[in-house]
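S.K.: There's a structure below that I have some questions on.
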Amino acid sequence: MNMKVWAHRGCSQRYPENTLLAFERAAQIMQLTGIELDIQLTSDGEMVVIHDERVDRTTDGTGYVRDYTLSQIKRLCIDAGTGRSQSIPTIEETLDLLQPRLKAGLKLNIELKNSIWPYSGMEEKIIELVHRRGLQNAVIYSTFYAGSLARLRTIDKDAELGILDTKVSDCMYKLKGGCGAVALHPFWRGMDLTAEELAGYTVRAWMTGHLYPEKPTGKRLDLASLERMGITDIILNEPEVYF
């Protein structure tokens, strides 16, 4: 089996998603292909790692990420169920943690959460940071917003880009539309093209649901069956059960 396994927002079923704790646990899985995470901008232009446009679901705060300054958003608490809370990390803090593993071959899929709020300048900020740290070969950028991928491509002609959508056919449509993507990132239940039609493409399918603090399932998907559908990589919440 050649399926590549990624940690979705870190090990996000056993630990709070998109936290340093979840990323630390994922980085300890030596067979893991990569880690996926999400970035947004605070009101003062700092890049923070959080999935939802609002902070309500994952922290003790309320409101939109874009309305918080960095110092304000850092005061929000995320219950880690370990007797200590986590905070929303910056992408800088995350790279501080992961850089040794990224230099050693681990990949990082950075999703730009800009399909609802088109954060001005986020593409330039993240590429400058990745280049400054010398991590160009370790990072894949993805987003649902094809225009953002096109912008990333103008900034870094060699960046690896993945187009996100629910159906793999919609990913393919955007890719062929010239957004600059080289990989397809569909929902794993949105595989509406045949494996033959997907031959030669990198297809990183993502999963959802069963996030912390839900009880871990400990169950494994039949990865061989997903591979037969044309999926090359699977981005899931509980990667530790596969190794």
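If you use numbering that gives the first Met the number 0, the sequence shown corresponds to residues 0 to 242, in order. All C-beta atoms in this analysis are idealised placements derived from N, C-alpha and C, irrespective of residue type, glycine included.
(1) From E52 to A79, what does the alpha carbon distance come to, in whole angstroms?
(2) Taking C-beta to C-beta, are I234 and H7 nearer than 8 Å?
(3) Tell me which same chain residues have a C-beta within less than 7 Å of the C-beta of S147, skipping the five on either side of it?
(4) Quick test of the definition: if touching needs 3 or more C-beta pairs under 8 Å, does the segment 225 to 241 touch the segment 9 to 18?
(5) Rounded to the nearest angstrom, what separates A198 and T153 at their Cα positions?
(6) Check this for me: beta carbons of T201 and D232, under 8 Å apart or not?
(7) Taking 6 Å as the limit between beta carbons, can you name the residues of its chain near E35, skipping five residues before and five after?
(8) Tell me whether I162 is buried or exposed, calling it buried when 16 or more other Cβ atoms sit within 10 Å of its Cβ.
(9) Residue range of the beta strand (DSSP E) that T142 falls in?
(10) Would you kindly work out how many angstroms separate the C-alpha atoms of A25 and T93, rounded to a whole number?
(11) With DSSP as the reference, identify every bridge partner of F186, one or two as the case may be.
(12) List in chain order: all unbroken alpha helix (DSSP H) runs of 4+ residues lying wholly within the segment 2 to 42.
(13) Taking only runs that begin and end inside the segment 75 to 160, name each unbroken beta strand (DSSP E) of 3 or more residues, in chain order.
(14) Tell whether a beta-carbon distance below 8 Å holds between S42 and R56.
(15) Since I162 sits in a beta bridge, which residues does DSSP pair it with?
(16) Who are the near neighbours of S84 in its chain, counting only those whose CB is closer than 7 Å to its CB and skipping five residues on each side?
(17) Please list the terminal residues of the continuous beta strand (DSSP E) segment that includes V167.
(18) Do D164 and K173 have their C-beta atoms within less than 8 Å of each other?
(19) Classify P88: buried if its beta carbon has 16 or more other beta carbons within 10 angstroms, exposed otherwise.
(20) How big is the Cα-Cα spacing for T58 and S86?
(21) Between the beta-carbon of V243 and the beta-carbon of E159, is there less than 8 Å?
(22) Quick check on L39: buried or exposed, where buried means 16 or more other Cβ atoms within 10 Å of its Cβ?
(23) Should A223 be labelled buried (16 or more other beta-carbon atoms within 10 Å of its own) or exposed?
(24) Using the Cβ count rule (16 or more neighbours within 10 Å means buried), how would you classify R150?
(25) With DSSP as the reference, label Y67 as helix, strand or coil.
M.R.: If we stick to the structure as given:
(1) Here residue 52 refers to the residue found at position 53 of the sequence shown. Here residue 79 refers to the residue found at position 80 of the sequence shown. Straight through space, the alpha carbons of A79 and E52 are spaced by roughly 20 Å.
(2) Translated into the one-based positions of the sequence shown, residue 234 becomes position 235. Translated into the one-based positions of the sequence shown, residue 7 becomes position 8. In contact: I234 and H7 (Cβ atoms closer than 8 Å).
(3) Residue numbering aside, residue 147 sits at position 148 when the sequence shown is read from its first letter. For S147, same chain residues with a beta-carbon under 7 Å away, outside a window of 5 residues either side, are L111, N113, E122 in chain order.
(4) Output reads yes: the segment 9 to 18 touches the segment 225 to 241.
(5) For the purposes of this step, residue 198 is taken as the residue at position 199 of the sequence shown. For the purposes of this step, residue 153 is taken as the residue at position 154 of the sequence shown. Rounded to whole angstroms, A198 to T153 spans 27 Å at the Cα level.
(6) Within the sequence shown, numbered from 1, the residue matching residue 201 stands at position 202. Within the sequence shown, numbered from 1, the residue matching residue 232 stands at position 233. Taking a C-beta distance under 8 Å as the contact criterion, T201 and D232 qualify as a contact pair.
(7) Working through the sequence shown from its first residue, we reach residue 35 at position 36. Within its own chain, the residues whose Cβ lies closer than 6 Å to the Cβ of E35, once the five positions on either side in sequence are excluded, are W5, H7, N108, I234, listed in chain order.
(8) Indexing the sequence shown from 1 puts residue 162 at position 163. I162 is classed as buried because its beta carbon has at least 16 other beta carbons within 10 Å across all chains shown.
(9) Here residue 142 refers to the residue found at position 143 when the sequence shown is read from its first residue. Unbroken beta strand (DSSP E) run through T142: 138 to 142.
(10) Working through the sequence shown from its first residue, we reach residue 25 at position 26. Working through the sequence shown from its first residue, we reach residue 93 at position 94. Annotation: A25 to T93 spans about 12 Å, alpha carbon to alpha carbon.
(11) As a first step, residue 186 is located in the sequence shown; it is residue number 187 there, counting from the start. F186 has W205 as its beta-bridge partners, per DSSP.
(12) Counting only runs of 4 or more residues that sit fully inside the segment 2 to 42, the alpha helix (DSSP H) segments are 19 to 26, in chain order.
(13) Correct list: 106 to 111, 138 to 142.
(14) For this step, residue 42 is matched to residue 43 along the sequence shown. For this step, residue 56 is matched to residue 57 along the sequence shown. With respect to the 8 Å criterion, S42 and R56 are not classified as neighbours on the basis of their beta carbons.
(15) On the sequence shown, residue 162 is found 163 positions in, with the first residue counted as 1. Under DSSP, I162 forms a beta bridge with T142, L183.
(16) Here residue 84 corresponds to residue number 85 of the sequence shown, with the count starting at 1. Within the same chain, S84 has close Cβ partners C76, I77, D78.
(17) The sequence position of residue 167 within the sequence shown is 168, counting from 1. No beta strand (DSSP E) holds V167; the alpha helix (DSSP H) holding it covers 167 to 175.
(18) Counting from one through the sequence shown, the residue named residue 164 turns up at place 165. Counting from one through the sequence shown, the residue named residue 173 turns up at place 174. Yes, Cβ-Cβ distance for D164 and K173 is below 8 Å.
(19) Numbered from 1 along the sequence shown, position 89 holds the residue referred to as residue 88. Around the Cβ of P88, a 10 Å sphere holds 16 or more other Cβ atoms; the residue is buried.
(20) The residue given as residue 58 occupies position 59 in the sequence shown. The residue given as residue 86 occupies position 87 in the sequence shown. Each residue's Cα considered, the two are about 8 Å apart.
(21) No information on residue 243 is available, as it lies outside the stretch 0 to 242 that the chain covers here.
(22) In the sequence shown, counting from the first residue as 1, residue 39 sits at position 40. The sequence given here has Gln at residue 39, not Leu. Around the CB of Q39, 16 or more other CB atoms lie within 10 Å, so the residue is classed as buried.
(23) Within the sequence shown, residue 223 is the residue found at index 224, counting from 1. Taking every protein chain shown into account, the CB of A223 has fewer than 16 other CB atoms within 10 angstroms, so this residue is exposed.
(24) Counted from its first residue, the sequence shown places residue 150 at position 151. Buried: at least 16 other Cβ atoms inside 10 Å.
(25) Indexing the sequence shown from 1 puts residue 67 at position 68. Coil at Y67, not helix or strand.
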